[in-house]
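Since the structure comes first, as structure tokens, the remarks are kept for the end.
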Amino acid sequence: MSIEKVAVIGSGLMGHGIAQVAAMTGQTVVLIDKSESALAFASQKMGESLKKLAEKGRIKETPEAVLGRIRTTSSLADGVRDAQFVIEAVFEEINLKRNLIAEVEVLAPKDTILATNTSGLSIRAISGKAKNKAKIIGMHWMNPPQLMKLVELIRSDKTDDNTLQTTLDLCTRYGKETIIAQRDVWCFLSGRARMGFSMENCIMHLANVADHRTLDAVTRYKLGLPMGEFELLDFTGSMDIRPRSLESLGEILKDYPDFEPWPEFRTAYSHLARGVWTDMSSRGLSGVKSGQGYYPYPGNKYLKPDIQKELANTIDPVQLMAPGLNCAAWCVTNGVGSVADINKANRLAFGWPKGIFDYIPDYGIARIIEVLNAKEAAAPNWLRGFYRVDPLLANWKA
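One rule links them: number in the numbering used here = place in the sequence shown (from 1) + 16.
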């Protein structure tokens, strides 16, 4: 089926970026938001983005021609009434998404595919109130959608093959590469496999092993990642997002207890949410959008923090990478995805110079296991299971 009419619900950073991508491929798009002022701002941002792309020769049409295919409306019924494919991109809150999908199903044509742009909430739960669950799929776009090459797809236990194939074809049309999460678990594959690295940065910072600048220096200058982890937390506003995700997880587990099959991971995440992220969010330290997070951002505008390169010499990067690898290995052992797909996600979703498993030869598997064992032995009770060596690493063959 050729998809020519798309509706995108939510005009924030992700929503208007997705709408722009669709319009750039010739599709007719309706961008929907309750707020007229938000829609006006989204239109302005899309215009600015298209102008930059045109100046770089990245689009063949004029910005005005692309924008001419995007209509905005504050009416959900008006926006989805003849859509063939709907992508919701509202806040990462389970009940909001679940209720919205059920409402859209009633208002849209019966054969319309409903995609949810979620970075980690259960597709089964989001489709829970809908009647035709076969037409619902997870479509996790990376930020910003106009530039990032990867889209992660997630089936529920009811998503049919036609829905998956149509969504894959759409991603190809958009010039995107894809991975498919093989299990509907918290944070799916791309986010889950990377989360161990992120959490270990926060754990070491919380334990006063190193300050955020030192840890970011290691990430930038020793590992070659485009951003330090604390810089990235500021950029994405994760101090607000992660506590909300944890609240939604609690709601999801009431009906789908298998959505989080690694309890020690949840315990470690919960501890960090209570001890770090919730506190920062409540104090308005939300990063770029609030003007202050781990770093200052005058005028609420991103400015790359100035971090001294010599700070990177004080921490062995294997201290960060070993827990990151352990979490990624859990995803493989537990059937969420493959080594190849995780490496692909690291490169295309997060801009890493190579996949996380490609770092193993840099340190040697024996050293990685040694570090994990030492961390487990020294860890408080709430953290020990997080470091327990995954069988994939324990049996790793160079």
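Idealized CB from N, CA, C, for every residue including glycine.
Would you call the CB atoms of Ile34 and Leu137 closer than 8 Å? Your numbering for residue 34 matches position 18 in the sequence shown. Your numbering for residue 137 matches position 121 in the sequence shown. Cβ atoms of Ile34 and Leu137: not closer than 8 Å.
In whole angstroms, what is the alpha-carbon distance linking Leu180 and Asp200? The sequence position of residue 180 within the sequence shown is 164, counting from 1. The sequence position of residue 200 within the sequence shown is 184, counting from 1. Spanning the two alpha carbons is a distance of roughly 14 Å.
Buried or exposed by the 16-neighbour rule on C-beta atoms within 10 Å, applied to Val225: Position 209 of the sequence shown, counted from the first residue, corresponds to residue 225. Answer is exposed; the Cβ neighbour count stays below 16.
I think Thr230 touches Thr330, with their Cβ atoms under 8 Å apart; what is that distance to the nearest whole Å? Residue 230 sits at position 214 when you count from the first residue of the sequence shown. Residue 330 sits at position 314 when you count from the first residue of the sequence shown. Their Cβ separation, rounded to whole angstroms, is 6 Å, which keeps Thr230 and Thr330 in contact under 8 Å.
What residue range does the alpha helix (DSSP H) around Arg87 cover? Here residue 87 corresponds to residue number 71 of the sequence shown, with the count starting at 1. Where Arg87 is concerned, there is no enclosing alpha helix (DSSP H), although the beta strand (DSSP E) it sits in stretches over 86 to 89.
Are the Cβ atoms of Glu121 and Leu112 separated by less than 8 Å? Mapped onto the sequence shown, residue 121 falls at position 105. Mapped onto the sequence shown, residue 112 falls at position 96. No, Cβ-Cβ distance for Glu121 and Leu112 is not below 8 Å.
Cα separation between Tyr318 and Phe251? Walking along the sequence shown from the start, residue 318 turns up at place 302. Walking along the sequence shown from the start, residue 251 turns up at place 235. Taking the straight line joining both Cα atoms gives about 7 Å.
Could you give the first and the last residue of the continuous beta strand (DSSP E) run that contains Glu168? The residue given as residue 168 occupies position 152 in the sequence shown. Segment 166 to 170, the beta strand (DSSP E) holding Glu168.
Counting Cβ pairs, one atom from each stretch, are 3 or more of them under 8 Å apart for the stretch 93 to 105 and the stretch 68 to 75? no
Spatially closest choice to Gly340 from Gly351, Ile358, Glu326, Gln324, by CA coordinates: Looking up residue 340 in the sequence shown gives position 324. It is Ile358 whose Cα lies nearest to the Cα of Gly340.
In chain order, what residues of the same chain have a beta carbon less than 7 Å from the beta carbon of Ala141, not counting five sequence neighbours either side? Numbered from its first residue, the sequence shown carries residue 141 at position 125. Hits under 7 Å: Ile110, Arg114, Ile268, Asp271, Tyr272.
Residues in its own chain within less than 6 Å of Leu66 by CB, not counting five upstream and five downstream? Locating residue 66 in the sequence shown gives position 50, where the first residue counts as 1. Closer than 6 Å at Cβ, skipping near neighbours: Pro79, Val82.
For the structure I just gave you, are there three or more beta carbon pairs, one from the stretch 183 to 202 and one from the stretch 338 to 352, closer than 8 Å? yes
Just to confirm, does Ala410 get its C-beta within under 7 Å of one of the non-hydrogen atoms of the ligand NAD? The ligand NAD is not part of this structure, which contains no ligands at all.
Val22 versus Phe366: straight-line alpha-carbon distance, rounded: Here the question's residue 22 lines up with position 6 in the sequence shown. Here the question's residue 366 lines up with position 350 in the sequence shown. Val22 and Phe366: Cα-Cα distance of roughly 27 Å.
What is the rounded straight-line gap between the Cα of Gly266 and the Cα of Glu326? Taking the sequence shown and counting its residues from 1, the one referred to as residue 266 is at position 250. Taking the sequence shown and counting its residues from 1, the one referred to as residue 326 is at position 310. Answer to the nearest angstrom: the Cα atoms are 42 Å apart.
Should Glu20 go down as buried or exposed, given a rule of 16 or more other Cβ atoms within 10 Å for buried? Locating residue 20 in the sequence shown gives position 4, where the first residue counts as 1. Exposed, because fewer than 16 other Cβ atoms sit within 10 Å of the Cβ of Glu20.
Could you give the C-beta distance for Trp293 and Pro259, rounded to a whole number, given that I count them as a contact under 8 Å? In the sequence shown, the residue the question calls residue 293 occupies position 277. In the sequence shown, the residue the question calls residue 259 occupies position 243. Contact flag correct, Cβ pair sits at about 5 Å.
Looking only at its own chain, which residues have a Cβ that is under 7 Å from the Cβ of Met30, when we skip the five neighbours before and after it? The sequence position of residue 30 within the sequence shown is 14, counting from 1. Cβ neighbours of Met30 beyond the five flanking positions: Ala105, Asn133, Trp157, Asn159, Pro161.
From the DSSP output, which residues share a beta bridge with Glu193? Translated into positions along the sequence shown, residue 193 becomes position 177. Paired residue(s): Leu166.
Which value, in whole angstroms, describes the spacing of the CA atoms of Thr44 and Ser143? Counting from 1 along the sequence shown, the entry for residue 44 is found at position 28. Counting from 1 along the sequence shown, the entry for residue 143 is found at position 127. C-alpha separation (whole angstroms): 26 Å.
Ignoring anything shorter than 3 residues, give me the beta strand (DSSP E) runs that lie fully in the stretch 214 to 302, in order along the chain. none
Limits of the unbroken beta strand (DSSP E) element including Gly154: If you number the sequence shown from 1, residue 154 lands on position 138. From DSSP, the beta strand (DSSP E) with Gly154 extends over 152 to 157.
How far does the alpha helix (DSSP H) with Lys413 in it reach, from first residue to last? Sequence index remark: in the sequence shown, residue 413 carries index 397 (1-based). Per DSSP, Lys413 belongs to no alpha helix (DSSP H) and is neither H nor E.
The alpha helix (DSSP H) that contains Glu77, what's its start and end? As a first step, residue 77 is located in the sequence shown; it is residue number 61 there, counting from the start. Neither: Glu77 is in no alpha helix (DSSP H) and is coded neither H nor E.
Check whether the Cβ atoms of Thr183 and Ala150 lie closer than 8 Å to each other. Numbered from its first residue, the sequence shown carries residue 183 at position 167. Numbered from its first residue, the sequence shown carries residue 150 at position 134. Cβ distance not < 8 Å, so Thr183 and Ala150 don't count as in contact.
Could you pull the DSSP bridge partners for Gln324 from this structure? The count along the sequence shown starts at 1 and reaches residue 324 at position 308. DSSP lists no beta-bridge partner residue for Gln324.
Compute the Euclidean distance between the alpha carbons of Asn148 and Ile25, then round it to the nearest angstrom. For the purposes of this step, residue 148 is taken as the residue at position 132 of the sequence shown. For the purposes of this step, residue 25 is taken as the residue at position 9 of the sequence shown. Going from the Cα of Asn148 to the Cα of Ile25 covers about 19 Å.
Ends of the alpha helix (DSSP H) at Val120? Taking the sequence shown and counting its residues from 1, one reaches residue 120 at position 104. Its alpha helix (DSSP H) spans residues 110 to 123.
Using 8 Å as the threshold, is the C-beta distance between Asn178 and Leu336 below it? Taking the first residue of the sequence shown as 1, we reach residue 178 at position 162. Taking the first residue of the sequence shown as 1, we reach residue 336 at position 320. Cβ atoms of Asn178 and Leu336: not closer than 8 Å.
Write down the C-beta distance between Gly207 and Pro369 rounded to the nearest angstrom, noting that I regard them as a contact closer than 8 Å. By 1-based counting over the sequence shown, the position of residue 207 is 191. By 1-based counting over the sequence shown, the position of residue 369 is 353. Contact flag wrong, Cβ pair sits at about 19 Å.
Quick check on DSSP: helix, strand or coil for Thr128? Within the sequence shown, residue 128 is the residue found at index 112, counting from 1. Three-state DSSP puts Thr128 in coil, outside helix and strand.
Which residues DSSP lists as bridging Gln335, in chain order: In the sequence shown, the residue the question calls residue 335 occupies position 319. Gln335 pairs with nothing; no bridge assigned.
Taking the CB atoms as reference points, tell me whether Ala99 and Ala58 lie closer together than 8 Å. Within the sequence shown, numbered from 1, the residue matching residue 99 stands at position 83. Within the sequence shown, numbered from 1, the residue matching residue 58 stands at position 42. No. Outside cutoff.
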